[in-house]
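Heads up: the sequence shown begins at 3 in our numbering, then just goes up one per residue.
C-beta: ideal position from N, C-alpha, C; glycine also.
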Amino acid sequence: MISRIPKWIGDWLESATGPLVKVLEIHYITPSIKKITFQGNISKMDFIIGGASVIRVSETEYRNYTVAYHDIEKGTIEVIFHIHGNGVGSTYISTLKTGDELYISIPRGHRAYDPKVKQYVFFGDETTLGLACSLFTVMKQNGDQFQFIFELDNANKNVPNLLGLENHTIFVKDGSFSSEIWLKNLPIFQTPDFKNTNFVLTGNVRSVQALRRVLKNLNTGKILAQGYWLEGKKGL
Ligand SMILES: Cc1cc2nc3c(=O)[nH]c(=O)nc-3n(C[C@H](O)[C@H](O)[C@H](O)COP(=O)(O)OP(=O)(O)OC[C@H]3O[C@@H](n4cnc5c(N)ncnc54)[C@H](O)[C@@H]3O)c2cc1C
Numbered sequence: 003m004i005s006r007i008p009k010w011i012g013d014w015l016e017s018a019t020g021p022l023v024k025v026l027e028i029h030y031i032t033p034s035i036k037k038i039t040f041q042g043n044i045s046k047m048d049f050i051i052g053g054a055s056v057i058r059v060s061e062t063e064y065r066n067y068t069v070a071y072h073d074i075e076k077g078t079i080e081v082i083f084h085i086h087g088n089g090v091g092s093t094y095i096s097t098l099k100t101g102d103e104l105y106i107s108i109p110r111g112h113r114a115y116d117p118k119v120k121q122y123v124f125f126g127d128e129t130t131l132g133l134a135c136s137l138f139t140v141m142k143q144n145g146d147q148f149q150f151i152f153e154l155d156n157a158n159k160n161v162p163n164l165l166g167l168e169n170h171t172i173f174v175k176d177g178s179f180s181s182e183i184w185l186k187n188l189p190i191f192q193t194p195d196f197k198n199t200n201f202v203l204t205g206n207v208r209s210v211q212a213l214r215r216v217l218k219n220l221n222t223g224k225i226l227a228q229g230y231w232l233e234g235k236k237g238l
């Protein structure tokens, strides 16, 4: 995905790619998890579950973020941001305050939900809490079976509870998810039959890659694997 373009193209593209929205409400779930409600004309937005919207975070740089909830009637969308303090996007989002305005692009990308599939296992971290929320809403509506697995900083381990997510297992980040041997021994992977279960693997690229390798040796349904950030790499 493009994360950098010249300023003049950005100025021109800005109004063409999505609506202008205003920051209506801000809620810090923890000091590093900032949930923002934006309001604007979102009537033309198609909210693909698993899609990402682009936000301009400096004159020349763009980053991907996920709409967690939307309400067409009220014209509101909610995005859950990880304020990790390491990049221009995180810094820009940390400065946003009520009344600020910005353009947010129409979501695009891979569909993470298939209404024909009734069983899901989701893996993610702070950057994918928004996707987890949008998936949770539809899975609950459709009576699907699901399990969330999160790797989170210790300070954020209660966030899935605070967001009202169900059926979640939390691991505090300690690098274990990049170890295939450790992953293979997780109780969830002792389940003999995953052939009707889709896996949605998101978040840290290294964890996603390790999980994917483990799952490739099992008989599973579809695996959607998309890293959301990579150590040392700008703007995935
Ligand atoms: C499809 C998609 C949807 C996404 N949705 C969301 C979302 O809803 N909410 C959200 O918060 N993020 C989301 N992300 C992730 C976000 O785009 C990245 O974390 C992005 O790198 C942040 O930009 P930045 O400018 O802050 O850091 P960058 O300039 O991109 O990176 C600078 C440094 O920061 C580090 N870094 C980047 N992200 C993290 C992190 N999360 N934790 C620790 N260190 C990090 C990297 O190691 C890098 O070296 C999404 C990404 C994708 C691809």
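Beta-carbon proximity check, residue i vs residue j, cutoff 8 Å
{"i": "residue 99", "j": "residue 28", "result": "yes"}
{"i": "residue 104", "j": "residue 57", "result": "yes"}
{"i": "residue 72", "j": "residue 51", "result": "no"}
{"i": "residue 237", "j": "residue 65", "result": "yes"}
{"i": "residue 26", "j": "residue 68", "result": "no"}
{"i": "residue 108", "j": "residue 48", "result": "yes"}
{"i": "residue 6", "j": "residue 97", "result": "no"}
{"i": "residue 81", "j": "residue 31", "result": "no"}
{"i": "residue 213", "j": "residue 185", "result": "yes"}
{"i": "residue 127", "j": "residue 20", "result": "no"}
{"i": "residue 225", "j": "residue 190", "result": "no"}
{"i": "residue 143", "j": "residue 121", "result": "no"}
Ligand 1 heavy atom lying under 7 Å from the CB of residue i
{"i": "residue 82", "result": "yes"}
{"i": "residue 29", "result": "no"}
{"i": "residue 61", "result": "no"}
{"i": "residue 167", "result": "no"}
{"i": "residue 186", "result": "no"}
{"i": "residue 212", "result": "no"}
{"i": "residue 235", "result": "yes"}
{"i": "residue 20", "result": "no"}
{"i": "residue 88", "result": "yes"}
{"i": "residue 128", "result": "yes"}
{"i": "residue 66", "result": "yes"}
{"i": "residue 71", "result": "no"}
{"i": "residue 238", "result": "yes"}
{"i": "residue 105", "result": "no"}
Backbone CA spacing between residue i and residue j [nearest angstrom]
{"i": "residue 221", "j": "residue 199", "result": "9 Å"}
{"i": "residue 196", "j": "residue 187", "result": "16 Å"}
{"i": "residue 194", "j": "residue 149", "result": "16 Å"}
{"i": "residue 170", "j": "residue 219", "result": "24 Å"}
{"i": "residue 179", "j": "residue 46", "result": "39 Å"}
{"i": "residue 93", "j": "residue 35", "result": "13 Å"}
{"i": "residue 10", "j": "residue 55", "result": "20 Å"}
{"i": "residue 167", "j": "residue 119", "result": "20 Å"}
{"i": "residue 111", "j": "residue 85", "result": "23 Å"}
{"i": "residue 177", "j": "residue 211", "result": "13 Å"}
{"i": "residue 202", "j": "residue 192", "result": "18 Å"}
{"i": "residue 153", "j": "residue 102", "result": "32 Å"}
Element boundaries [alpha helix (DSSP H), containing residue i]
{"i": "residue 93", "result": "90-97"}
{"i": "residue 217", "result": "207-218"}
{"i": "residue 183", "result": "182-186"}
{"i": "residue 123", "result": "First-last for residue 123: 121-126, but that is the beta strand (DSSP E), not the alpha helix (DSSP H)."}
{"i": "residue 136", "result": "131-143"}
{"i": "residue 161", "result": "161-164"}
N- and C-terminal bounds of the beta strand (DSSP E) containing residue i
{"i": "residue 149", "result": "147-154"}
{"i": "residue 32", "result": "22-32"}
{"i": "residue 83", "result": "78-84"}
{"i": "residue 73", "result": "69-73"}
{"i": "residue 178", "result": "Per DSSP, residue 178 belongs to no beta strand (DSSP E) and is neither H nor E."}
Contact with chain C by residue i, beta-carbon distance below 8 Å
{"i": "residue 56", "result": "Absent here is chain C; the protein component of the structure consists of one chain."}
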